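Asker: One structure follows; several queries about it will come next.
There are 2 protein chains.
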Amino acid sequence: MRVRVLGSAAGGGFPQWNCGCSNCNGLRAGTLKALPRTQTQVAVSADGSQWVLLNASPDLRQQLVQFPEFRPSRSRSTPVCAIILTSADIDSVMGLLHLREFEPLRIYSTASVSRVLREENTIFRVLERSSPPADWETIRFGSPVTVAQNRAAEDGLVCTAVPLGGEFPDYVRRPLAKEEAVIGLELTENGKRLFYAPTLPVYSKEVKCRVAESDLALLDGTFWSDNELVEVRGRGRTAREIGHLPLSGPGGALEELAGWARGKRVLIHINNTNPILDEESAANRAVREAGFEIAHDGMEFEL
Amino acid sequence: MRVRVLGSAAGGGFPQWNCGCSNCNGLRAGTLKALPRTQTQVAVSADGSQWVLLNASPDLRQQLVQFPEFRPSRSRSTPVCAIILTSADIDSVMGLLHLREFEPLRIYSTASVSRVLREENTIFRVLERSSPPADWETIRFGSPVTVAQNRAAEDGLVCTAVPLGGEFPDYVRRPLAKEEAVIGLELTENGKRLFYAPTLPVYSKEVKCRVAESDLALLDGTFWSDNELVEVRGRGRTAREIGHLPLSGPGGALEELAGWARGKRVLIHINNTNPILDEESAANRAVREAGFEIAHDGMEFEL
Numbered sequence: 254m255r256v257r258v259l260g261s262a263a264g265g266g267f268p269q270w271n272c273g274c275s276n277c278n279g280l281r282a283g284t285l286k287a288l289p290r291t292q293t294q295v296a297v298s299a300d301g302s303q304w305v306l307l308n309a310s311p312d313l314r315q316q317l318v319q320f321p322e323f324r325p326s327r328s329r330s331t332p333v334c335a336i337i338l339t340s341a342d343i344d345s346v347m348g349l350l351h352l353r354e355f356e357p358l359r360i361y362s363t364a365s366v367s368r369v370l371r372e373e374n375t376i377f378r379v380l381e382r383s384s385p386p387a388d389w390e391t392i393r394f395g396s397p398v399t400v401a402q403n404r405a406a407e408d409g410l411v412c413t414a415v416p417l418g419g420e421f422p423d424y425v426r427r428p429l430a431k432e433e434a435v436i437g438l439e440l441t442e443n444g445k446r447l448f449y450a451p452t453l454p455v456y457s458k459e460v461k462c463r464v465a466e467s468d469l470a471l472l473d474g475t476f477w478s479d480n481e482l483v484e485v486r487g488r489g490r491t492a493r494e495i496g497h498l499p500l501s502g503p504g505g506a507l508e509e510l511a512g513w514a515r516g517k518r519v520l521i522h523i524n525n526t527n528p529i530l531d532e533e534s535a536a537n538r539a540v541r542e543a544g545f546e547i548a549h550d551g552m553e554f555e556l
Numbered sequence: 254m255r256v257r258v259l260g261s262a263a264g265g266g267f268p269q270w271n272c273g274c275s276n277c278n279g280l281r282a283g284t285l286k287a288l289p290r291t292q293t294q295v296a297v298s299a300d301g302s303q304w305v306l307l308n309a310s311p312d313l314r315q316q317l318v319q320f321p322e323f324r325p326s327r328s329r330s331t332p333v334c335a336i337i338l339t340s341a342d343i344d345s346v347m348g349l350l351h352l353r354e355f356e357p358l359r360i361y362s363t364a365s366v367s368r369v370l371r372e373e374n375t376i377f378r379v380l381e382r383s384s385p386p387a388d389w390e391t392i393r394f395g396s397p398v399t400v401a402q403n404r405a406a407e408d409g410l411v412c413t414a415v416p417l418g419g420e421f422p423d424y425v426r427r428p429l430a431k432e433e434a435v436i437g438l439e440l441t442e443n444g445k446r447l448f449y450a451p452t453l454p455v456y457s458k459e460v461k462c463r464v465a466e467s468d469l470a471l472l473d474g475t476f477w478s479d480n481e482l483v484e485v486r487g488r489g490r491t492a493r494e495i496g497h498l499p500l501s502g503p504g505g506a507l508e509e510l511a512g513w514a515r516g517k518r519v520l521i522h523i524n525n526t527n528p529i530l531d532e533e534s535a536a537n538r539a540v541r542e543a544g545f546e547i548a549h550d551g552m553e554f555e556l
């Protein structure tokens with residue numbers, strides 16, 4: 254299985270257009286040792302020819318154009334065969350609108366996320382323009398689904414949804430099944446296992462087990478501290494209040510995961526305010542010493 | 254008045270992720286003399302400190318980050334003070350979702366376009382997160398509105414809506430006032446005049462007069478020929494059928510506008526299939542000989 258990180262930042266990217274925090278200003282001025290990052294986007298392939306997108310980021314056009322393997326082979330075509338959505342957040346779904354160019358796509362999500370997009374938002378009907386129109390498939394807990402056949406073998410990429418807790422985004426109007434708001438994905442192929450959870454409100458026992466069983470876990474690295482966003486904005490909600498367990502501190506992700514991994518653990522969905530982005534910071538060193546890698550755009554793994 | 258072209262391509266950009274036409278392939282291979290282009294986005298400023306966006310393109314994050322004058326001056330801030338929408342097309346409105354980072358914004362559109370976004374699409378409620386929430390102002394024909402005060406003088410940037418004909422996008426569900434589907438914008442400041450019409454189904458007498466009276470007209474340059482898109486896709490609708498008068502041929506834009514301009518005429522919203530993108534093509538030479546410039550990302554005008 255190939256896993257390609259096309260984007261690694263949280264909502265807004267790094268730098269963020271309206272943010273003058275020390276990270277964003279330092280990156281713009283060239284005084285910070287850090288890489289710019291587009292918004293989180295991961296692509297997975299079992300056979301290197303068909304690719305499955307994990308979510309559809311706001312920067313997806315830029316990300317698709319910059320990755321040479323996504324070039325079309327025929328007049329109108331794409332190696333992207335499917336998209337799996339983990340939530341209805343703008344970060345996860347906005348990029349579907351980049352994919353409006355008459356390309357038949359398969360989109361996997363929970364029934365609730367599909368209802369938000371298809372019943373509360375007519376704009377996603379642009380995906381029906383293709384012939385055949387977009388095919389929306391429902392992901393159910395306890396029912397693994399084969400999202401892409403491996404053309405070179407009998408098997409394929411199998412996806413299992415993992416409940417994570419978390420809330421629907423604030424724009425959602427109608428009450429829906431809360432356990433379907435935010436899911437993690439376990440993707441297996443040929444005995445290898447990827448666990449994907451870019452938004453993690455809490456490390457449940459099940460989540461810890463999935464991390465421990467995976468060859469590669471891409472995990473929520475949004476915030477270093479609970480109060481980080483409040484300090485920059487001067488008001489607002491904490492990391493935990495918006496569904497992201499911070500990395501540091503008592504009960505933070507570093508502490509929670511200590512001793513729970515055998516494979517690679519990589520932090521992704523990193524907010525522009527997070528000090529781990531500064532490669533010379535103490536926070537950056539601390540997460541690496543705790544056994545984590547820090548995702549950047551263009552990072553690739555072969556499992 | 255400063256006018257900055259942040260993006261100049263039609264929907265999908267150039268190259269387009271799923272397009273293998275000779276233009277897109279030539280650009281990717283480096284064999285075509287042409288510039289890559291993001292999707293059409295223009296910014297206008299009366300005083301060089303506050304900027305008004307004309308539409309909100311799907312590539313807006315990338316465009317804002319790449320233009321140094323859009324850097325925030327304070328912890329959280331932006332020189333973007335308003336957005337004027339000319340239609341409800343994805344090309345025009347998707348970028349509003351890039352602007353979801355708690356920044357109070359003013360958005361101008363016709364009542365119908367506002368209804369599509371606010372009543373048929375809950376996702377745009379993310380713009381209500383800011384404090385104060387986004388302020389939606391209605392543009393009415395015959396009622397010019399001051400969209401940004403010039404801080405250095407008594408006057409400001411005044412916007413007049415011009416009916417262009419055209420249709421609502423296919424995702425719109427409810428019947429609406431058809432004349433409000435697609436508008437052109439005339440922006441005046443200190444005696445100077447910009448006319449903006451990136452989508453033009455027909456050159457009416459009024460449109461020709463606006464072009465003739467403007468110091469700068471940014472005009473629909475989507476397609477060279479009526480049949481261009483059908484030839485690449487192998488099916489589908491013609492340029493005229495999707496609301497874009499082609500540049501060439503009998504009744505095309507070059508013929509329609511002959512003799513109707515005193516200021517600069519610049520083609521924008523150029524589709525990836527359009528041969529004018531090839532700087533060595535006969536079509537490129539023909540539009541320049543007819544007195545048109547061809548927009549590219551980063552182009553700027555001072556009126």
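These protein sequence lines map, in sequence, to chains A and B.
Heads up: the first sequence begins at 254 in the working numbering, then just goes up one per residue.
Heads up: the second sequence begins at 254 in the working numbering, then just goes up one per residue.
Note that beta-carbon positions come from the ideal geometry of N, C-alpha and C, so glycine has one too.
Computed from a prediction, not measured in an experiment: that's the story for all the values here.
1. So, for Asp479(A): in the same chain, excluding its five sequence neighbours on each side, which residues have a beta-carbon less than 7 angstroms away from its beta-carbon?
2. Have a look at Thr413(B) and Gly395(B) and give me their C-alpha separation to the nearest angstrom.
3. Does Ile343(B) get closer than 9 angstroms to chain A when you measure Cβ to Cβ?
4. Identify the contact partners of His522(A) in chain B, using a Cβ-Cβ distance below 9 angstroms as the criterion.
5. What does the alpha-carbon distance come out to for the pair Gln292(A) and Ser365(B)?
6. Taking only beta carbons into account, state which residues of the segment 363 to 384 of chain A come closer than 7 angstroms to chain B, listed in chain order.
7. Evaluate contact between the segment 258 to 273 of chain B and the segment 297 to 305 of chain B, counting only Cβ atoms and requiring at least three cross-stretch pairs below 8 angstroms.
8. For the beta strand (DSSP E) that contains Cys272(B), what are its first and last residues?
9. Determine the DSSP secondary structure at Ser340(A), reduced to helix, strand or coil.
10. With 9 angstroms set as the bound, which would you pick, yes or no: does the beta-carbon of Pro323(A) sit closer than that to a beta-carbon of chain B?
11. Please list the residues of the segment 261 to 277 of chain B that have a C-beta atom closer than 9 angstroms to any C-beta atom in chain A, keeping them in chain order.
12. Taking 8 angstroms as the cut-off, does the segment 329 to 338 of chain A touch the segment 352 to 360 of chain A (at least 3 CB pairs, one atom from each stretch)?
13. Once you ignore the five residues that flank Glu459(A) on each side, which residues in its own chain have a CB closer than 7 angstroms to its CB?
14. Less than 9 angstroms between CB atoms is the rule here; does Glu433(A) satisfy it with respect to chain B?
15. With DSSP collapsed to three states, give me the class of Lys286(B).
16. Taking the runs of the alpha helix (DSSP H) that are 4 residues or longer, which of them lie wholly in the segment 376 to 426 of chain B?
17. Please report how far the alpha carbon of Lys431(B) lies from the alpha carbon of Gly418(B), in whole angstroms.
18. Quick one: which residues of the segment 448 to 462 of chain B get their C-beta closer than 8 angstroms to a C-beta of chain A? List them in chain order.
19. Any chance you could list the beta strand (DSSP E) runs of at least 3 consecutive residues sitting entirely within the segment 279 to 333 of chain B, in chain order?
20. Return the CA-CA distance between Pro528(B) and Ile343(B), expressed in angstroms with no decimal places.
21. State the Cα-Cα distance for the pair Leu510(A) and Lys286(B), rounded to the nearest angstrom.
22. Does the beta-carbon of Thr441(B) have 16 or more other beta-carbons within 10 angstroms, so that it is buried, or is it exposed?
23. Distance check for Leu530(B) and Asn537(B), CA to CA, integer angstroms please.
24. Which word fits Cys462(A), buried or exposed, when buried means at least 16 other C-beta atoms lie within 10 angstroms of its C-beta?
25. How about Asn525(B) and Gly266(B): are their beta carbons less than 9 angstroms apart?
26. Against Glu356(A), what residues of chain B qualify as contacts under a CB-to-CB distance less than 9 angstroms, listed in chain order?
27. Just confirm the distance between the C-beta atoms of Ala262(B) and Ile523(B), as a whole number of angstroms; I'd bet it's less than 8 angstroms.
28. Between which two residues does the alpha helix (DSSP H) carrying Arg371(A) extend?
29. If we ignore side chains and look at the alpha-carbon of each, how far apart do Leu438(A) and Trp477(A) end up?
30. Distance cutoff 9 angstroms, beta carbons only. Does Tyr424(A) sit that close to anything in chain B?
31. Between which two residues does the alpha helix (DSSP H) holding Arg541(B) run?
32. Excluding the 5 residues preceding and the 5 following Leu317(B) in the sequence, name in chain order all residues of the same chain whose CB lies nearer than 6 angstroms to its CB.
33. What residue range is occupied by the uninterrupted alpha helix (DSSP H) comprising Ala263(B)?
34. Which of the three DSSP states is assigned to Val464(A) in this structure?
35. Looking at chain A, is there any beta carbon in it that lies within less than 9 angstroms of the beta carbon of Gln292(B)?
36. Taking Cβ to Cβ, would you say Gly551(A) is nearer than 9 angstroms to Arg257(A)?
Answerer: In terms of the structure at hand:
1. Taking the first residue of the first sequence as position 1, residue 479(A) is located at position 226. Excluding positions up to five away in sequence, the list reads Thr491, Ala492, Arg493, Pro499 and Gly502.
2. Indexing the second sequence from 1 puts residue 413(B) at position 160. Indexing the second sequence from 1 puts residue 395(B) at position 142. Rounded to whole angstroms, Thr413(B) to Gly395(B) spans 7 angstroms at the Cα level.
3. Here the question's residue 343(B) lines up with position 90 in the second sequence. Chain A, which has a Cβ nearer than 9 angstroms to the Cβ of Ile343(B), makes this yes.
4. Reading the first sequence from its first residue, position 269 is the one you call residue 522(A). Ordered by position in chain B, no residue passes the 9 angstroms Cβ test against His522(A), which lies about 15 angstroms from the chain.
5. Within the first sequence, numbered from 1, the residue matching residue 292(A) stands at position 39. Within the second sequence, numbered from 1, the residue matching residue 365(B) stands at position 112. Approximately 32 angstroms, taken between the alpha carbons.
6. Glu373, Asn374, Thr375, Ile376, Arg378, Val379 and Arg382
7. no
8. Position 19 of the second sequence holds residue 272(B). Element bounds for Cys272(B): n/a, residue is neither H nor E.
9. Along the first sequence, read from residue 1 onward, the residue named residue 340(A) stands at position 87. In this structure, Ser340(A) counts as coil in the three-state DSSP scheme.
10. Position 70 of the first sequence, counted from the start, is the residue given in the question as residue 323(A). Strictly speaking, residue 323(A) in this sequence is Phe, with Pro absent from that position. Phe323(A) counts as touching chain B.
11. Gly264, Gly265, Gly266, Pro268, Gln269, Trp270, Asn271, Cys272, Gly273, Cys274 and Cys277
12. yes
13. Translated into positions along the first sequence, residue 459(A) becomes position 206. Val415, listed in sequence order.
14. Taking the first residue of the first sequence as position 1, residue 433(A) is located at position 180. Closer than 9 angstroms: no.
15. Looking up residue 286(B) in the second sequence gives position 33. In this structure, Lys286(B) counts as coil in the three-state DSSP scheme.
16. none
17. As a position in the second sequence, residue 431(B) is number 178, starting the count at 1. As a position in the second sequence, residue 418(B) is number 165, starting the count at 1. Going by the C-alpha atoms only, they are around 8 angstroms apart.
18. none
19. 294 to 298 and 304 to 307
20. Sequence index remark: in the second sequence, residue 528(B) carries index 275 (1-based). Sequence index remark: in the second sequence, residue 343(B) carries index 90 (1-based). So the alpha carbons of these two residues sit roughly 24 angstroms apart.
21. Position 257 of the first sequence, counting from 1, holds the residue named residue 510(A). Position 33 of the second sequence, counting from 1, holds the residue named residue 286(B). The straight-line gap from Cα to Cα measures roughly 53 angstroms.
22. To locate residue 441(B), count along the second sequence from 1; it is residue 188. Label assigned to Thr441(B): buried.
23. In the second sequence, residue 537(B) corresponds to position 284, counting from 1. In the second sequence, residue 530(B) corresponds to position 277, counting from 1. Approximately 7 angstroms between the Cα atoms of the pair.
24. Here residue 462(A) is taken as the residue at index 209 of the first sequence, counted from 1. Per the 10 Å Cβ criterion, exposed.
25. The residue given as residue 525(B) occupies position 272 in the second sequence. The residue given as residue 266(B) occupies position 13 in the second sequence. Yes, Cβ-Cβ distance for Asn525(B) and Gly266(B) is below 9 angstroms.
26. The sequence position of residue 356(A) within the first sequence is 103, counting from 1. Near Glu356(A) (Cβ distances below 9 angstroms), the residues of chain B are Trp270 and Asn271.
27. Translated into the one-based positions of the second sequence, residue 262(B) becomes position 9. Translated into the one-based positions of the second sequence, residue 523(B) becomes position 270. About 6 angstroms; that satisfies the 8 angstroms criterion.
28. The sequence position of residue 371(A) within the first sequence is 118, counting from 1. Run containing Arg371(A): Ala364 to Glu372, per the alpha helix (DSSP H) assignment.
29. The sequence position of residue 438(A) within the first sequence is 185, counting from 1. The sequence position of residue 477(A) within the first sequence is 224, counting from 1. Cα-Cα distance, rounded: 23 angstroms.
30. The residue labelled residue 424(A) in the question sits at position 171 within the first sequence. Taking Cβ atoms only, chain B reaches closer than 9 angstroms to Tyr424(A), which makes this a yes.
31. For the purposes of this step, residue 541(B) is taken as the residue at position 288 of the second sequence. Element bounds for Arg541(B): Ala535 to Glu542.
32. Stepping through the second sequence from its first residue, residue 317(B) is reached at position 64. Phe323.
33. As a working mapping, residue 263(B) is identified with position 10 in the second sequence. Element bounds for Ala263(B): n/a, residue is neither H nor E.
34. Position 211 of the first sequence, counted from the start, is the residue given in the question as residue 464(A). Residue state, collapsed to three classes: helix.
35. Taking the second sequence and counting its residues from 1, the one referred to as residue 292(B) is at position 39. So, interface residue.
36. Translated into the one-based positions of the first sequence, residue 551(A) becomes position 298. Translated into the one-based positions of the first sequence, residue 257(A) becomes position 4. Cβ distance < 9 angstroms, so Gly551(A) and Arg257(A) count as in contact.
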